[in-house]
Amino acid sequence: MELNEYQAWISEFYKKRNWYQYDPFIRANFLAEEVGEVSRAIRTIEIGRDRPDEESSDFPTQLENLTEELGDVLDNIVILADKYGISFQKIMSAHKQKLSQRYDDV
1495 MELNEYQAWI SEFYKKRNWY QYDPFIRANF LAEEVGEVSR AIRTIEIGRD
1545 RPDEESSDFP TQLENLTEEL GDVLDNIVIL ADKYGISFQK IMSAHKQKLS
1595 QRYDDV
C-alpha cells in the first residue's frame, strides 16, 4: 500500500469511529503517548523490563509489539497531516529538500 493510499484509508477509518474529530493539539498528545509506547517496546527488546508483575515474552512477540506501536505512531502522524491537508508526498519531498540544502554531501 502506498503512503497516500494509507493516509486516505486511515483517515476514513478514524472518521467512522469518531476518532478523527479530536483537534490537532489533542492528537499531538496521543502521538506523544504512542512514542512512549515505542520507547517501552524498544527497551523491552534491547535491555528487558525485569518486572515481576509482567510476563516476559520471546523476541518474535516483542517485535510484533514494536510493529503495532510503530503503527500507532504512524496513524497519529497520518491524521495530523490529513487535518492540515498535507500529503505524504509533500512531506517526503519537503524533508528531502531541507536535508539536501542543510547537508551538501547528500
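Residue 1600, in my numbering, is where the sequence shown stops; the numbers in between run on with no holes. Backbone N, C-alpha and C define an ideal beta-carbon position, used for all residues, glycine too.
Of Gly1579, Arg1596, Arg1511 and Leu1525, the smallest CA-CA separation from Leu1564 is found for Leu1525. For Pro1518, the secondary structure class from DSSP, reduced to helix, strand or coil, is helix.
Scanning its chain for C-beta atoms nearer than 8 Å, with the 5 sequence neighbours on each side dropped, one finds around Leu1574 the residues Pro1518, Arg1521, Ala1522 and Leu1525, in chain order. Straight across, the Cα-Cα distance linking Asn1512 with Val1572 is about 16 Å.
Here the stretch 1548 to 1567 does not lie against the stretch 1576 to 1588, with fewer than 3 beta-carbon pairs under 8 Å apart. Lys1584 and Ala1502 have their C-alpha atoms spaced approximately 15 Å apart. If you draw a straight line from the Cα of Lys1592 to the Cα of Asn1570, it comes to about 23 Å. Membership of Met1495 in any alpha helix (DSSP H) is not indicated, and neither H nor E is assigned to it by DSSP. In the three-state reduction of the DSSP assignment, Glu1540 falls in the helix class, which pools H, G and I.
Look at the stretch 1540 to 1570 and you find no whole run of beta strand (DSSP E) that is 3 residues long or longer.
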